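Below you'll find the structure, written out as structure tokens, and then a few comments.
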Amino acid sequence: MLSKRNFGMMMTIILVILILFLSSAVLREYFNDYNENHSADSEWVKRSEETKETKDSKNSEKNWHIIYIGKQDTGYYESIQEWCTYRKAEFEEYSETKKALKKAEAYEKKNTYLLISGSVLEKDTETVSDSLTSYVEAGGKIIFCSLPDYLVIAKSETLKNLLGIQQLRAKTVTLQEIWLYGGFLLGGETCYSFDELQDPDRIDIEREIPWYDISSRTKTYMVGFIKAEEQTKQELHNEDMPAIIWRCNTGEGSVFAVNGDYMEGKSTLGILDAMVYESQNYALYSIVNAQNLSVTGFPDLTKENEKKFAEVYGFDSKQFCQNIVWPALVSVAQDGDWKITAYLAKKQDNASKEDADVKSLVDYLKYFNEESAEAGISLGRMNDTDIQKSLEADKQEIEKQDITYPFSGAYIRSENEEQLSKLVKDEKLKIFSDVRTICKAYDEEQPVFSWLTDWITTQAITMNGYQYTYKDDFRLKSIQTTLGYSNVQVDLYQLIWPQEREDEWEVVSEKLASNISTYWNPFSVFEKTTITESDTRVRRFLNESVTSSRKADKISIKVENFNEDAWMMLRTHGEKIESMKNGSWEKIEDDAYLLHLTSSQATVTLKSDTELYYSEK
Numbered sequence: 017m018l019s020k021r022n023f024g025m026m027m028t029i030i031l032v033i034l035i036l037f038l039s040s041a042v043l044r045e046y047f048n049d050y051n052e053n054h055s056a057d058s059e060w061v062k063r064s065e066e067t068k069e070t071k072d073s074k075n076s077e078k079n080w081h082i083i084y085i086g087k088q089d090t091g092y093y094e095s096i097q098e099w100c101t102y103r104k105a106e107f108e109e110y111s112e113t114k115k116a117l118k119k120a121e122a123y124e125k126k127n128t129y130l131l132i133s134g135s136v137l138e139k140d141t142e143t144v145s146d147s148l149t150s151y152v153e154a155g156g157k158i159i160f161c162s163l164p165d166y167l168v169i170a171k172s173e174t175l176k177n178l179l180g181i182q183q184l185r186a187k188t189v190t191l192q193e194i195w196l197y198g199g200f201l202l203g204g205e206t207c208y209s210f211d212e213l214q215d216p217d218r219i220d221i222e223r224e225i226p227w228y229d230i231s232s233r234t235k236t237y238m239v240g241f242i243k244a245e246e247q248t249k250q251e252l253h254n255e256d257m258p259a260i261i262w263r264c265n266t267g268e269g270s271v272f273a274v275n276g277d278y279m280e281g282k283s284t285l286g287i288l289d290a291m292v293y294e295s296q297n298y299a300l301y302s303i304v305n306a307q308n309l310s311v312t313g314f315p316d317l318t319k320e321n322e323k324k325f326a327e328v329y330g331f332d333s334k335q336f337c338q339n340i341v342w343p344a345l346v347s348v349a350q351d352g353d354w355k356i357t358a359y360l361a362k363k364q365d366n367a368s369k370e371d372a373d374v375k376s377l378v379d380y381l382k383y384f385n386e387e388s389a390e391a392g393i394s395l396g397r398m399n400d401t402d403i404q405k406s407l408e409a410d411k412q413e414i415e416k417q418d419i420t421y422p423f424s425g426a427y428i429r430s431e432n433e434e435q436l437s438k439l440v441k442d443e444k445l446k447i448f449s450d451v452r453t454i455c456k457a458y459d460e461e462q463p464v465f466s467w468l469t470d471w472i473t474t475q476a477i478t479m480n481g482y483q484y485t486y487k488d489d490f491r492l493k494s495i496q497t498t499l500g501y502s503n504v505q506v507d508l509y510q511l512i513w514p515q516e517r518e519d520e521w522e523v524v525s526e527k528l529a530s531n532i533s534t535y536w537n538p539f540s541v542f543e544k545t546t547i548t549e550s551d552t553r554v555r556r557f558l559n560e561s562v563t564s565s566r567k568a569d570k571i572s573i574k575v576e577n578f579n580e581d582a583w584m585m586l587r588t589h590g591e592k593i594e595s596m597k598n599g600s601w602e603k604i605e606d607d608a609y610l611l612h613l614t615s616s617q618a619t620v621t622l623k624s625d626t627e628l629y630y631s632e633k
């Protein structure tokens, strides 16, 4: 039988627990400053005058010179220009080799690269090959972004020697797997296999290429392999396999070659930085150091496509967003220390007649604040013919709820980008005056970063969180190598308007969790940010210009337009960092380091990776 004394103690304990529980909830609610955007505390940095495209800036003295020979419709032309913008390099283009070589001879060969489209050598092959050979022997550096036709190479011994090709085996060969060796792009050694065990949806990389057997004076970075039984049948060794990316040393210079269409889109960026690194005794360049998780169209404040929604999920979109999607996103983010940026949409489809539940936005802002997430705004909707009108209506609805949250990040659907450009031109984007950076869909012809105005930047989506193919992997490694940046999209629109089974949450959530927790692990040293935190770094990256020089074991670094912080990538050849002045460093992988500069000038001291030991007998 329970005594009065014990009963009293039990009730007291229950009452204390209840009070503590309620008080913690009350305090959490009281101190939840959901109307504050803590990501937007940093300075809104304006575009520097040096980065504007004026005649003076184009003709100003540059440390790096990139001379391109070839056509513009190549798949890599725009990305080469983009890379030059990031590296503050002078870009010049020519249609013929003679004028380009004359211009290249006027520059110091150490920081001059001749980029060639293979089709240039299909006419007057011997003369052009002779000229290029002389340039390389004198210390020049050439990058073949694509190779001449197989038959053109077969007919020219000079061209074969320039490229380091020892033997031509076949005009076309089907590869069983492709190996990207470690140390070229960040992310380590990778095998892209084409066997029957692989998911067919992942295999989207080119597997039929010309078969060139390259000589012993080359270094291979990417190679294809044929089936093992075929290797045995033909008595072939690994060094006989089809080369994809390689370097050939001739005289004092180097020739890089890409066999196939692997140097296309944003993969071009990382490949160029990797080739520069391989041709120098070290490489040091600016990066952004930001990894974003962008949830577009979330939360959706209007019940849309409800008939299909109830059929697929069994409840309405509001319950789906609040009780299913948000907890799952929080779990994914916490597992990888990601920071979420959620771009709210009052409605997804402009044709929807349903009223938006804008009152629930306050609850979401509180959720976001508790998880250090950032709220962004969607600029326009699907089937939107007047995004200015939509934005004005959204603004009015938000203000009715006494929401003063500064939406500094925004998302624009690709179909509405033309309307956005008109708003910017007419200076009517001030509807949401706090917007400082706009997240855009991935486009191979558009830059990852750009200035939309002198005050507003754009950041591109780089990956779809729901899918991960071979091309995606290659692009991820390339962009991380050149920018230390990623912007992963989780698109709510696909879930609310599912077209097939693969679009449903049960499927995509599993893929999202698997992809995020696996493929970004090699880049965990890079910092996770919200879109506005990333914007601050993008602005500094676009504004700053970096130069470095080496004397003995010391590398001196100077940053023009330095603003509080700067992040650099340092890549060495078998050397480690011993110390750093005016900054700190972290190891990314062997021979690759992330530098954080806290001053406009810094010094890094290196030491050899191998130590010599002496003993006396």
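Taken in order, the sequence shown gives residues 17 to 633; the numbers are from my numbering. For glycine and all other residues, C-beta sits at the position ideal for the given N, C-alpha and C. Since the model is a prediction, treat every value here as computed from it, not as a measurement.
Query: Cβ shell of T420 (< 7 Å), same chain only, five flanking positions each side left out; Result: N51
Query: Contact under 8 Å by Cβ, I181 with G392; Result: no
Query: Three-state class that DSSP yields for A529 in the structure shown; Result: helix
Query: Minimum C-alpha distance to Y166 - residue among L360, R233, G276; Result: G276
Query: Per DSSP, the bridge partner or partners of R263; Result: K235, F272
Query: Same chain, Cβ closer than 7 Å to V541, five either side skipped, listed in chain order; Result: E602, I604, L610
Query: S147 to L130 span [Cα, whole Å]; Result: 12 Å
Query: C-beta contact flag for R263 and V271 at 8 Å; Result: yes
Query: Proximity to V464 [Cα-Cα], best of A476, A457, T453; Result: A476
Query: Any non-hydrogen atom of the ligand NAD within 7 Å of L558 CB; Result: Here there are no bound small molecules, and the ligand NAD is not part of this structure.
Query: Minimum C-alpha distance to V575 - residue among A409, W471, S564, D569; Result: S564
Query: Nonlocal neighbours in the same chain, by C-beta distance under 8 Å from E112, ignoring five residues either side; Result: I85, V136
Query: Within 8 Å, strictly: CB atoms of E320 and D365; Result: yes
Query: Through-space distance from Y93 to C161, alpha-carbon basis; Result: 9 Å
Query: Coarse secondary structure for I419, derived from DSSP in three states; Result: coil
Query: Stretch-stretch touch, CB-based, cutoff 8 Å, three pairs: the stretch 403-418 with the stretch 362-379; Result: yes
Query: Beta-carbon proximity check, I219 vs Y486, cutoff 8 Å; Result: yes
Query: Collapsed DSSP secondary structure at C100 in the structure displayed; Result: helix
Query: Sequence-distant residues of its chain with Cβ nearer than 6 Å to S295 (five each side left out); Result: K157, S270
Query: Terminal residues of the alpha helix (DSSP H) in which G352 lies; Result: 342-352
Query: With 16 other Cβ atoms within 10 Å as the buried cut-off, status of I30; Result: exposed
Query: Counted within 10 angstroms of its Cβ, other Cβ atoms place H253 as buried (16 or more) or exposed; Result: exposed
Query: Residues sharing a beta bridge with R566, DSSP; Result: I571
Query: L317 and L377 closer than 8 Å at C-beta; Result: yes
Query: Neighbour-count burial assignment, N305, 16 or more Cβ in a 10 Å radius; Result: buried
Query: Enclosing beta strand (DSSP E) for S466 [first to last residue]; Result: 465-467
Query: A529 versus L196, Q183, V346, residue with shortest Cα-Cα distance; Result: V346
Query: Euclidean distance between Cα positions of R491 and D606; Result: 21 Å
Query: Residue from K623, E255, G599, V620 whose Cα sits closest to the Cα of L613; Result: G599
Query: Whole alpha helix (DSSP H) elements within the stretch 445-499, 4-residue minimum; Result: 486-499
Query: Three-state class that DSSP yields for Q364 in the structure shown; Result: coil
Query: Reduced DSSP category for Q250 - H, G, I as helix; E, B as strand; rest coil; Result: helix
Query: Contacts around M26, its chain only, beta-carbon distance under 7 Å, and the 5 residues preceding and following it disregarded; Result: none
Query: For T149 and T174, believed in contact at Cβ under 8 Å, the rounded distance; Result: 6 Å
Query: Residue burial classification, P216 (beta-carbon count within 10 angstroms, cutoff 16); Result: exposed
Query: Spatial distance of D418 from G481 (CA atoms); Result: 34 Å
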